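Structure, as structure tokens:
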């Protein structure tokens, strides 16, 4: 039996990291949080400078990082990858035969994204890319134009399980229970 790869997808502030961490408490998954990996790189690196401007990291830079962190022998949670159609195609091409891939699309509105980002910032979040309103708007626009086509494509891939999760509440516990019930 193949290990499972849970891929959390959604706009900024949709709860990808929150729900991934709640899943980690229930099972010993390998956890690949692309954003954290990239944010932990030296601030002077070109990848970090792009992120601070609200730009996406190129596939050429990202694929080796993902491959380096991904073991094909254990269940894994992916948070923040793929974000583009070519990344989604790369993931399916290179890993669908090694994993049972389950896409969890956290489908929330733009106003909810902004409210969640502001809440995260007001509660002491230390993400520099949340503090710049223009960068937040640029990230949301990039999500719509760049990530949504990947999500739409993944929803049609035969050997991928796709879950379009419309969160029923603002309560994290209720939403997490809903996600777990949906993906079982």
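Numbering (our numbering), first residue to last: 8 to 191. Note that the Cβ used here is the ideal one computed from N, Cα and C, for glycine as well. Being a predicted model, the structure only gives us computed values, none of them experimental.
C-beta atoms of residue i and residue j nearer than 8 Å
i	j	result
residue 12	residue 109	yes
residue 124	residue 19	yes
residue 82	residue 10	yes
residue 92	residue 175	no
residue 115	residue 21	yes
residue 151	residue 61	no
residue 94	residue 139	no
Residue i versus residue j - alpha carbon distance
i	j	result
residue 5	residue 45	Lying outside 8 to 191, the shown extent of the chain, residue 5 is not represented and no answer is given.
residue 76	residue 8	21 Å
residue 14	residue 63	18 Å
residue 41	residue 85	8 Å
residue 100	residue 161	12 Å
residue 178	residue 31	19 Å
residue 102	residue 78	10 Å
residue 173	residue 28	19 Å
residue 54	residue 128	22 Å
residue 36	residue 51	31 Å
residue 43	residue 113	19 Å
residue 163	residue 171	12 Å
Per-residue burial, residue i [other beta carbons within 10 Å of its own, 16 or more giving buried]
i	result
residue 89	buried
residue 182	buried
residue 56	exposed
residue 118	exposed
residue 23	buried
residue 17	buried
Proximity to residue i [Cα-Cα], best of the options
i	options	result
residue 96	173, 154, 56, 34	154
residue 143	26, 49, 39, 58	58
residue 105	25, 131, 74	74
Three or more beta-carbon pairs under 8 Å between the segment 159 to 168 and the segment 107 to 122, yes or no? yes
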